[in-house]
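Notes for the one structure printed next.
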Amino acid sequence: MPRIGRTRLLLFLALIGPGLITANADNDAGGIATYSMAGGRYGYSMLWMLLLITLSLAVTQEMGARMGIVTGQGLAALIRERFRLKMTVFAMIAMLIANLGTTISEFSGIASSFQLFGASKYYTVPFVAAFIWLLVVRGSYKIAERVFLVFSTFYLSYVISGFMAHPDWGQALHDTVVPSFQMNAGYILLSIAVIGTTITPWGQFFIQAYVVDKGISIKHFRYTKAEVILGAVITDVVALFIIVACAATIYKTGGDINTADQAAQALVPLAGEWASNLFAFGLLNASVLAAGILPLATAYAICEAFGFESGVNRSFREAPIFHGIFTASIVIGAGVALIPNLPLLSIMVLAQDVNGILLPLILIFVMVIVNDKGIMGEYANSRRHNIVAGLTTAALIVLSLLLVATSLFS
Amino acid sequence: MFFLSKLLGQQVKDSRSQTVGTLDDIVVTIKRKYPSATKLVVKSGRQKMLLPWQLVRNFEESQTMLRLPAGELKAVEPEDGEIFLAGDILDKQIVDTEGHKLIRVNDLQLARANGSLRVVGVDISGGAIMRRLGLSRLAERLSRRVEPHLLDWKTVEPVSGGDTSGMKLQVTHDKLALLHPADIADIANELSPEDRVAVVEALEAEIAADTVEEMHPNFQATLLNDMDEKKAATILSNMDPDDAADLLADLPEEKAAALLSSMRMKEARDVKQLLSYEEDTAGGIMTTEFVSVPPGMTAGQAIGRLRELEPDAETIYYIYVVDDDGHLAGVISLRDLLLARRDQKVEEFMEHHLISIHADAKLEEVAQVVAKYNLLALPIIDEENILRGIVTVDDAIDIILPLTWKKRLPKIFG
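Those protein sequence lines, which keep their order, are chains A and B.
Note that the first sequence covers residues 691 to 1100 in the working numbering.
Note that the second sequence covers residues 171 to 584 in the working numbering.
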């Protein structure tokens, strides 16, 4: 019997990747900025969202993984085949905007982190952009990805700092379980960003592409599913500790968060005067990984939808559109982050809003495809899936409408 | 010729010119080489009706007229072996026999034939995407390259992609071999590098060589580089020596040397000689494939020599007269040869004052000479007046016309 147990464990480890990596990459520059602001400005009051977000993240990621395994195709390909060309163009423009926004936020994260180290962004950002471009094009991307994932243990520092700041655990637990809401544009905007930084359009494309690439068979789907759920939980545990750490430090002392310097305060109980260095390191690591993945994911999806040659191992001549999109994303992302006097932290959160607003669009496409028995066969969505995914979509639409309404009336 | 995308959504009218609905889809039977339309799907409001194609009285790009009044139209069901063009084929992937992802069906081209409508081609161009989005004019303003890029329907076959993924089009390698090398090259240009290797390796050496010659220059070198070395050498041996030399010049030196040593002796020698000339000189673009005869040969013997050699068509019109040491002595045209008496010696009727050019001459000079004297081929000689090769008129044209004009890629996105 223990033998079987061990085989199962090995199988699980072999299949590991899609869920954990996608989920972990969700905690990027925008993620850190958004959670820091949520904790720093509104204390524990947004924690309740994390429970729902975890559930929604697990469900949406599971759908993406399932679609990829069953059809062997990426999301962009399925959209093209199910909805035809015009809708595909529409979906791709939405994705392009969302991804470009996120890429800008990653480069803003890179700029912020270097500013904390005291290095001017005007030198460092172009340098890092070139570094990322070379890293991906040169193909040592897989190794880079692993290194970054190891560095991701940096998030542990938030856990430790959260404990050391002696948060009000009673209040935190209460706010996690009992929902509360504030009817003002700032709160709603940040709510959308909190959702938008975790459940993302690019995450939907990415996890599906990942399982297709890995060639996981439907036989092993339950392991992938378990991994997706685990990934969702880990992501949001990290988010929870960032919020708690910021609530227990910045919010308690009545400080505000507008710059990366202020956001770094959350790590003071752990690192003291080194807090800003620790924060900068974490932000840099998270940003560089995502700044590589996002342009890549964008280029793959668009080439897949329109039938252009794609692949990092193709030359620029062989796959001009692919390399064009990839390179342009990096240039635009780095270029915007270089604009003088840009409120970098706000830009990072704003990008999450764009993600949050465009997400329902992509989720509607996902929902229709995953319910299509002609495409998914017996693996089409169950009613339970539909309720959770449908509610996520509906909630995001409502929040987006609220956002428009509040900004009109305030 | 019609494009499916232009037909969909057009008005369908009954025999009294009353609008019945819009054309939603066309059903074809795939039992024939070029699938012919058997039914049409008419959409009216949310209702869709399947009608037999026999009801069509008049079919135009702008509208379809039916034979019967609306009240008498009876809907039918699809049959076995029938597919929906828009529903099953449009926007789907075209995969090759190994199941690799290739390209997408951006549009379908149809043609009228014997009272029916048949699918003749698959448009995979970026221009088709623009056409379907109604942006053709904008695309034309931005770039003039919006011609369709059509795959002949013959080369694809619809396959059911299993239970869940619906229909796919498959490019079959054996069908590819039936096409003209220039068409195979067109398709190969569209493939991923691995698939390109697979397709070319599957071809017979001679066809493969012609295909490679017709392929986009950017892909030729990488293709041979990725290919099995023996196969690559065989293909090179079958190519025109000048094309083979150009190609080898684009490869890394070690690889080129390895390929040269596995090539057939004679071809390798020719190619090596060609490689020794600068790229932008007459020697660099000449071919060593020419026909030569000694001055003492009779016309009859010379014709016999031609039959024996079976030279390529483009080099046969001029036969060069070369003495034992390889010195160029004269030229006879195929016409002269045919009109001469069988026992007449070549030196008796050959043209002594022939136009030739030195192997180091610049390309512009080559083009000018070919144009000035209306030559089909220009002999290239070295310092000692030894005939080294010829430049044919088509290669001379390439010098004058930029490459991009000749091999215009029909894809809008490059």
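The beta carbon of each residue, even a glycine, is placed where N, CA and C say it ideally should be.
The structure displayed is predicted, hence computed values, not measured ones.
For residue i and residue j, I'd like the C-alpha separation in whole angstroms.
i       : j       : result
B/L504  : B/V461  : 11 Å
A/V884  : A/L741  : 12 Å
A/P869  : A/M736  : 8 Å
B/L426  : A/V837  : The identity of residue 426 of chain B in the sequence shown is Ala, whereas the question assumes Leu. C-alpha separation (whole angstroms): 39 Å.
A/G1014 : A/L825  : 16 Å
B/F173  : B/P328  : 19 Å
B/T325  : A/A875  : 59 Å
B/Y543  : B/T562  : 13 Å
A/L986  : A/F1016 : 6 Å
B/Q279  : B/A352  : 20 Å
A/L973  : A/R912  : 33 Å
B/G497  : B/G559  : In the sequence on display, residue 497 of chain B carries His and not Gly. B/H497 and B/G559: Cα-Cα distance of roughly 12 Å.
A/F895  : B/R307  : 32 Å
B/G584  : A/A989  : Model confidence at B/G584 stands at a pLDDT of 30, short of 50, so the residue's coordinates are unreliable and nothing is read from them.
A/Q952  : A/V1060 : 43 Å
B/S599  : A/I908  : Nothing about residue 599 of chain B can be reported from this structure: the residues present for chain B run from 171 to 584 only.
A/K942  : A/D865  : 15 Å
B/A428  : A/T744  : 59 Å
B/Q217  : B/V190  : 11 Å
A/D1043 : B/K176  : 39 Å
A/E752  : A/A767  : 18 Å
B/A283  : B/V290  : 10 Å
Would residue i count as contacting chain A if we go by Cβ distances under 9 Å?
i      : result
B/D322 : no
B/L430 : no
B/Q180 : no
B/L260 : yes
B/F389 : yes
B/T381 : no
B/R274 : yes
B/G291 : no
Starting from residue i, follow the alpha helix (DSSP H) in both directions and report where the run begins and ends.
i       : result
A/I1059 : 1034–1061
A/Y848  : 846–854
B/Q443  : 435–445
B/N408  : 399–408
A/F931  : 911–936
B/P387  : 387–396
B/R307  : 306–312
B/Q538  : 533–542
Strictly under 9 Å for the Cβ-Cβ distance: is residue i near chain E by that measure?
i      : result
B/D416 : Absent here is chain E; the protein component of the structure consists of chains A and B.
Answer with buried or exposed for residue i, where buried requires no fewer than 16 other C-beta atoms within 10 angstroms of its C-beta.
i       : result
B/Q295  : Contrary to the premise, residue 295 of chain B reads as Ser rather than Gln in this sequence. So B/S295 ends up on the buried side.
B/K400  : exposed
B/R301  : buried
A/M873  : exposed
A/A1095 : exposed
B/Q224  : exposed
B/A507  : The question names Ala, but residue 507 of chain B is Leu in the sequence shown. So B/L507 ends up on the buried side.
B/N228  : exposed
B/V441  : buried
A/I759  : buried
A/G799  : buried
In terms of residue numbering, what span does the beta strand (DSSP E) encompassing residue i cover?
i      : result
B/S503 : 498–503
B/G291 : 286–293
A/I803 : The sequence shown places Ser at residue 803 of chain A, rather than the Ile named in the question. No beta strand (DSSP E) contains A/S803, which is instead part of the alpha helix (DSSP H) from 765–806.
A/G962 : Counting along the chain, A/G962 falls outside any beta strand (DSSP E), and DSSP gives it neither H nor E.
B/V463 : 461–463
B/E252 : 252–254
B/T199 : 189–199
Please report whether the beta-carbon of residue i lies at a distance below 9 Å from any beta-carbon of chain B.
i       : result
A/T778  : yes
A/E1008 : yes
A/F844  : no
A/R1101 : Given that chain A is displayed from residue 691 to residue 1100, the structure contains no residue 1101 of chain A and the question cannot be resolved.
A/G997  : yes
Review point. Counting Cβ pairs, one atom from each stretch, are 3 or more of them under 8 Å apart for the segment 1014–1032 of chain A and the segment 1045–1056 of chain A?
Key: no
Point to revise | Cβ contact check for the segment 746–766 of chain A and the segment 915–928 of chain A: 3 or more pairs under 8 Å | key: yes
Review point. Would you call the segment 1064–1072 of chain A and the segment 1082–1096 of chain A touching, i.e. three or more CB-CB distances under 8 Å?
Key: no
Check your understanding: Below 8 Å, can you find three or more Cβ-Cβ pairs linking the segment 526–536 of chain B to the segment 457–473 of chain B?
Key -> no
Check your understanding: Would you say the segment 770–788 of chain A touches the segment 181–192 of chain B, given that touching needs at least three Cβ pairs under 8 Å?
Key -> no
Review point. Are there three or more Cβ pairs, one per stretch, closer than 8 Å when the segment 440–454 of chain B is compared with the segment 415–425 of chain B?
Key: yes
Point to revise | Contact the segment 508–523 of chain B vs the segment 548–555 of chain B: 3+ CB pairs below 8 Å | key: no
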